[in-house]
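Let me begin by presenting the structure, written as structure tokens, before commenting on it.
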Amino acid sequence: MVVNATGSHTDIAQTYEGIFKAGFNHNEITVDEAMPLGTDTALATGEYHITGKNQNGEPLDVVGRWTGAYVNQGGNWKIRMVSAFPKAPPPK
Numbered sequence: 049m050v051v052n053a054t055g056s057h058t059d060i061a062q063t064y065e066g067i068f069k070a071g072f073n074h075n076e077i078t079v080d081e082a083m084p085l086g087t088d089t090a091l092a093t094g095e096y097h098i099t100g101k102n103q104n105g106e107p108l109d110v111v112g113r114w115t116g117a118y119v120n121q122g123g124n125w126k127i128r129m130v131s132a133f134p135k136a137p138p139p140k
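Just so you know, we're using this note's numbering here: the sequence shown kicks off at 49 and counts up by one.
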């Protein structure tokens with residue numbers, strides 16, 4: 049599941065197809081912190097920066113924060129949920 053400014057989405061491929069169709073084509077992700085919640089569960093937080101150009105050629109640029117929940121299944125870490133939200137604009 050992905051939760052973002054447009055709501056929750058379970059069809060991840062369709063969600064990213066919409067992002068690419070809007071013109072975003074580059075995504076930089078950093079991890080600020082990763083923390084275990086036991087032997088098979090973890091949380092992580094970080095920042096994302098997605099860029100591209102819309103259909104009119106105008107730049108698209110969004111910076112935001114993300115959080116993720118992960119579980120270990122059979123020795124492989126799997127994403128269970130990611131939440132992402134854009135950073136608030138600076139105060140005027």
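Think of the CB as a built atom: it goes at the ideal place given N, C-alpha and C, for glycine as much as any other residue.
Treat the numbers as computed from the prediction; the structure is a model and nothing was measured.
Beta carbon of residue i nearer than 8 Å to that of residue j
i, j, result
"residue 98", "residue 79", "no"
"residue 86", "residue 96", "no"
"residue 55", "residue 72", "no"
"residue 67", "residue 94", "no"
Given residue i as reference, the closest of the options once Cα atoms are compared
i, options, result
"residue 58", "127, 139 and 140", "127"
"residue 29", "116, 83, 82 and 108", "Limits of the chain in this structure are 49 at one end and 140 at the other, which puts residue 29 out of reach."
"residue 104", "60, 65, 70 and 52", "70"
"residue 52", "129, 140, 122 and 138", "129"
Beta-carbon contacts of residue i that lie in its chain and below 7 Å, excluding the five residues immediately before and after
i, result
"residue 88", "119 and 120"
"residue 63", "50 and 57"
"residue 125", "118"
"residue 75", "96 and 98"
Residue span of the beta strand (DSSP E) that contains residue i, given as start and end
i, result
"residue 126", "124–134"
"residue 93", "89–101"
"residue 54", "Neither: residue 54 is in no beta strand (DSSP E) and is coded neither H nor E."
"residue 116", "107–121"
Residue range of the alpha helix (DSSP H) that includes residue i
i, result
"residue 63", "60–70"
Beta-carbon contacts of residue i that lie in its chain and below 8 Å, excluding the five residues immediately before and after
i, result
"residue 91", "82, 83, 85, 115, 116, 117 and 118"
Cβ neighbours of residue i in the same chain (closer than 6 Å, five flanking residues each side left out)
i, result
"residue 134", "110 and 112"
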